[in-house]
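Residue numbers (this note's numbering): 158 to 774.
Where a beta carbon is used, it is the ideal one built from N, C-alpha and C, also for glycine.
In this text, all values refer to a predicted model and were calculated from it rather than measured experimentally.
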Amino acid sequence: MKNADASNGLPVSPLLNSLESAGGDTKKPLIVKGRLLTICGYCLAVAIAVSFIAKFLVSLINLVTNIAFFGSFSIGFNSPANNHLGIWVMVVPVIGGLVVGLMALYGSKAIRGHGIPEAMEQILVNESNIKPAITILKPVSSAIAIGTGGPFGAEGPIIATGGALGSTIGQIFKVTSNERKIILAAGATAGMSAIFGTPIAAIFLAIELLLFEFSPRAILPVALACITGAAGHHFLFESGPVFPMPDVAMPSNQALLIYSIMGIFVGFLSLGITKIVYWVEDNFEHLPVHWALWPAIGGLAVGVIGYFFPHTLGVGYDNITGILSGSWPLTLVLTLCIFKFLSWAIALGSGTSGGTLAPLMTMGGAAGAVIGMVILKIYPDAGINIPLSALIGMSAMFAGASRAYLTSIVFALEATMQSNALLPLLGACTGAYIVSFFLMENTIMTEKIVRRGLSVPDSFSPDLLQKITVAEVVKGKESLISTETSIADIQTWISSNHRDESQFVVVNEKGEYAGIIRLADIYGVVATNQPVKNILPEKINASVSGEDALSKAIERMSKNGVEVLPVLTHNVVSGVLSYKDIINAYTQHIEKNEYAHVKISLKRRRMKMMVKSRHAN
């Protein structure tokens with residue numbers, strides 16, 4: 158067996174050589190960046206359209222509300238809590254639920270639910286393909302449900318609508334499933350940004366609940382879409398904070414501790430709320446009536462509760478502002494918290510069309526305000542105030558229920574413009590997140606998906622194979638085959654050395670890459686005295702350099718259908734990389750880093766046992 162001598166190679170740049178040998182990849186960076194610009198263009202177009210759809214949705218909700226509760230044809234905001242229908246108010250949500258049920262039955266079942274889980278499911282199992290009809294059916298059905306008193310927010314429907322529009326654009330134009338996922342996420346979060354004017358929180362929502370990755374190819378299009386959505390909010394809605402509240406001062410250390418403990422308590426509340434919502438949904442499954450009638454039954458509960466507690470009806474963004482003002486009395490805040498939850502849980506469990514963010518914020522804000530009032534009643538010198546207590550309750554509730562930790566914090570800051578609330582929000586949301594993580598297996602966003610047998614990503618660590626280079630795992634040149642070696646010698650070498658490879662890299666007399674040959678080709682010839690170059694297949698232009706990441710090596714193996722790659726240095730083969738090397742490197746890294754804590758724990762346990770044994774003796 159002849160080994161090539163790398164010193165005979167020509168002094169060609171390793172980077173140039175690697176790119177040339179990969180079949181014209183020198184143009185790849187330009188192609189990738191050009192493609193990214195194209196996807197950004199699609200996302201910008203979707204964001205502009207979604208901004209106007211958001212305005213249409215809000216106007217349609219106002220129109221339905223005014224027609225249903227006040228008998229007027231107007232798109233101006235008017236809270237359904239101000240209605241004068243008396244006991245007939247119970248009928249309005251029932252009619253709305255019946256219409257939504259029929260739309261789901263004869264239109265699409267995908268309009269049911271609160272938007273984000275449905276978008277997540279399509280990303281995970283359907284390559285981000287959503288029926289284009291959802292772009293129309295979801296906002297219309299949501300406007301009917303909310304406008305007739307449904308205790309939901311507009312953010313869930315617009316997220317679902319924006320996602321559907323992004324998916325539709327991705328299906329019209331030739332894009333990959335991953336690019337379609339990005340456009341879907343851009344449309345969904347642009348909708349949220351257009352409703353609330355919170356672009357940074359919308360970006361974090363995409364990362365934590367939709368994209369499941371953090372990379373330039375994903376973040377740049379989504380960020381541009383969210384910025385465009387925020388511009389749409391300022392142009393079509395308002396320019397100030399969506400939830401204005403009294404300015405808060407920087408809290409003391411004592412107050413920070415109390416706010417953090419409040420976050421833990423709200424975390425337990427979020428756990429209970431999530432469990433009850435899905436318990437209600439499970440019980441609707443056992444009703445002896447068709448599922449299309451469930452929203453009407455849920456609407457009846459909404460109407461009955463709304464008759465006694467009118468503030469539970471409708472979107473309730475004005476309720477959030479009222480709670481954050483700190484001026485509402487304890488009884489009003491407490492009843493709103495309890496009965497808004499009952500109305501929302503029953504309506505959402507019935508499968509109608511609506512969102513979760515506004516109800517969670519209302520309940521969380523009310524819970525935070527109630528806790529703050531109780532603490533100040535018991536301990537007046539606690540150093541806390543009611544508006545900030547409501548804000549951290551609002552944010553902690555969403556953090557605990559959805560586990561969208563960063564989204565919850567940033568949303569509260571952007572929606573209120575209260576920078577001094579940062580530390581209390583961090584403490585409270587961390588407490589709520591800890592409770593949720595350790596005590597709740599799934600969130601309000603993922604429970605439905607997991608029940609359908611799907612696995613939802615729960616970490617956003619970088620690709621391990623992008624962190625390991627070829628040079629760290631590549632073998633030497635002992636498995637190289639020379640073009641001049643006879644087939645008989647190769648067969649003898651394979652048998653005597655017990656080689657288990659099915660493919661081998663072949664080099665010429667200068668050590669330059671000549672091709673890849675299969676084991677079946679070596680043993681499939683009759684004349685074994687001829688050199689291997691006579692049976693060498695057409696050269697496959699696939700190689701890597703030592704500086705390349707293993708992820709690039711896998712990509713080239715997959716693209717060319719090979720199990721081994723030559724590693725080139727100055728145009729000379731300096732080693733061979735196989736798929737087994739990559740698997741071994743991955744396994745070793747996982748064992749070293751992921752299970753290191755297990756070894757440490759065992760070591761500590763042994764030391765404790767030794768200490769106890771010595772004391773016993």
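Assuming G264 and A453 are in contact, meaning their beta carbons sit under 8 Å apart, how far apart are those beta carbons, in whole angstroms?
The residue given as residue 264 occupies position 107 in the sequence shown. The residue given as residue 453 occupies position 296 in the sequence shown. Incorrect: roughly 16 Å between the Cβ atoms, too far for contact.
Classify F330 as buried or exposed, calling it buried when 16 or more other Cβ atoms lie within 10 Å of its own Cβ.
Position 173 of the sequence shown, counted from the first residue, corresponds to residue 330. Exposed: under 16 other Cβ atoms inside 10 Å.
Does DSSP classify L637 as helix, strand or coil?
Locating residue 637 in the sequence shown gives position 480, counting from the first residue. Here L637 sits in coil by DSSP.
When the Cα atoms are used, what is the spatial distance from D439 to A539?
For this step, residue 439 is matched to residue 282 along the sequence shown. For this step, residue 539 is matched to residue 382 along the sequence shown. Their Cα atoms are separated by approximately 42 Å.
Is the beta carbon of P144 sitting closer than 8 Å to the one on G463?
The chain is shown only over 158 to 774; residue 144 falls outside these bounds and no answer can be derived.
Return no unless some Cβ of chain D is closer than 8 Å to the Cβ of M518.
This model lacks chain D altogether; it includes just one protein chain.
Would the beta-carbon of I601 be found less than 7 Å away from any heavy atom of the ligand FMN?
This structure lacks the ligand FMN, and indeed carries no ligand of any kind.
For a test of the three-state rule: what should DSSP assign to F498, helix, strand or coil?
One-based indexing of the sequence shown puts residue 498 at position 341. Three-state result, F498: helix.
Consult DSSP for V332 and reduce its assignment to one of helix, strand or coil.
In the sequence shown, the residue the question calls residue 332 occupies position 175. Three-state DSSP puts V332 in coil, outside helix and strand.
Three-state secondary structure (DSSP) of Q411:
Taking the sequence shown and counting its residues from 1, the one referred to as residue 411 is at position 254. Helix at Q411.
Rounded C-beta distance between I528 and F422? I'm assuming under 8 Å.
Numbered from its first residue, the sequence shown carries residue 528 at position 371. Numbered from its first residue, the sequence shown carries residue 422 at position 265. Yes, they are in contact, since the Cβ atoms of I528 and F422 sit about 6 Å apart, within 8 Å.
For L514, collect the residues of the same chain with a Cβ closer than 6 Å to its Cβ; drop the 5 residues on either side in sequence, then sort them by chain order.
Position 357 of the sequence shown, counting from 1, holds the residue named residue 514. These residues qualify, in order along the chain: G310 and E312.
Please report how far the alpha carbon of F226 lies from the alpha carbon of G557, in whole angstroms.
As a first step, residue 226 must be located in the sequence shown, where it is residue number 69. As a first step, residue 557 must be located in the sequence shown, where it is residue number 400. Their Cα atoms are separated by approximately 34 Å.
V203 vs G397 beta-carbon contact at 8 Å:
For the purposes of this step, residue 203 is taken as the residue at position 46 of the sequence shown. For the purposes of this step, residue 397 is taken as the residue at position 240 of the sequence shown. No, these two residues do not count as a Cβ contact at 8 Å.
Apart from the five residues just before and just after I477, which ones in its own chain have a Cβ nearer than 8 Å to its Cβ?
Position 320 of the sequence shown, counted from the first residue, corresponds to residue 477. Taken in chain order, the residues that qualify are F400, A515, M518, T519, G522 and M551.
Mind checking whether A671 and T640 have CB atoms under 8 Å apart?
Counted from its first residue, the sequence shown places residue 671 at position 514. Counted from its first residue, the sequence shown places residue 640 at position 483. Contact flag set, yes.
Would you kindly work out how many angstroms separate the C-alpha atoms of P688 and E704, rounded to a whole number?
Within the sequence shown, numbered from 1, the residue matching residue 688 stands at position 531. Within the sequence shown, numbered from 1, the residue matching residue 704 stands at position 547. The straight-line gap from Cα to Cα measures roughly 33 Å.
Taking the beta carbon of T346 as the centre, do at least 16 other beta carbons fall within 10 Å, making it buried, or is it exposed?
As a working note, residue 346 is residue 189 in the sequence shown. Looking at its Cβ environment, which holds 16 or more other Cβ atoms inside 10 Å, T346 is buried.
Just to confirm the assignment, what range does the beta strand (DSSP E) spanning T726 have?
Position 569 of the sequence shown, counted from the first residue, corresponds to residue 726. Counting along the chain, the beta strand (DSSP E) containing T726 begins and ends at V721 to T726.
Got a sec? Which residues, its chain only, sit under 6 Å from R567 by beta carbon, not counting five neighbours each side?
Taking the sequence shown and counting its residues from 1, the one referred to as residue 567 is at position 410. Checking the sequence shown, residue 567 turns out to be Val, not Arg. Taken in chain order, the residues that qualify are I357, A358 and F361.
Exposed unless 16 or more other CB atoms sit within 10 angstroms - verdict on V730
Taking the first residue of the sequence shown as 1, we reach residue 730 at position 573. So V730 counts as buried.
Report the rounded CA-to-CA distance for L172 versus S702, giving the unit in angstroms.
As a position in the sequence shown, residue 172 is number 15, starting the count at 1. As a position in the sequence shown, residue 702 is number 545, starting the count at 1. Unreliable placement is indicated for L172, whose pLDDT of 28 sits below 50; no coordinate value is reported for it.
Which of the three DSSP states is assigned to K288 in this structure?
Taking the first residue of the sequence shown as 1, we reach residue 288 at position 131. Coil at K288, not helix or strand.
Measuring straight from C-alpha to C-alpha, what distance separates S178 and S700?
Residue 178 sits at position 21 when you count from the first residue of the sequence shown. Residue 700 sits at position 543 when you count from the first residue of the sequence shown. Below a pLDDT of 50, predicted positions are generally treated as unreliable, and S178, at 37, falls in that range; the measurement from the model is reported next regardless. Each residue's alpha carbon lies about 6 Å from the other.
Simplified DSSP assignment, three categories, for R656:
To locate residue 656, count along the sequence shown from 1; it is residue 499. If DSSP states are grouped into helix, strand and coil, R656 belongs with coil.
DSSP state of T492, grouped into three classes?
Within the sequence shown, residue 492 is the residue found at index 335, counting from 1. Of the three classes helix, strand and coil, the one that applies to T492 here is helix, per DSSP.
Just confirm the distance between the C-beta atoms of L707 and I625, as a whole number of angstroms; I'd bet it's less than 8 Å.
Residue mapping note: residue 707 aligns to position 550 of the sequence shown, counting from 1. Residue mapping note: residue 625 aligns to position 468 of the sequence shown, counting from 1. About 5 Å separates the two Cβ atoms, so the contact holds.
Sorted by chain position, which residues of the same chain lie with C-beta nearer than 7 Å to A572's C-beta, five sequence neighbours on each side aside?
Here residue 572 corresponds to residue number 415 of the sequence shown, with the count starting at 1. Around A572: F353, T355, P398, V399 and F400.
Residues of its chain near A388, where Cβ-Cβ distance is below 8 Å and the 5 sequence neighbours each way are ignored
As a first step, residue 388 is located in the sequence shown; it is residue number 231 there, counting from the start. Only S208 meet the Cβ criterion.
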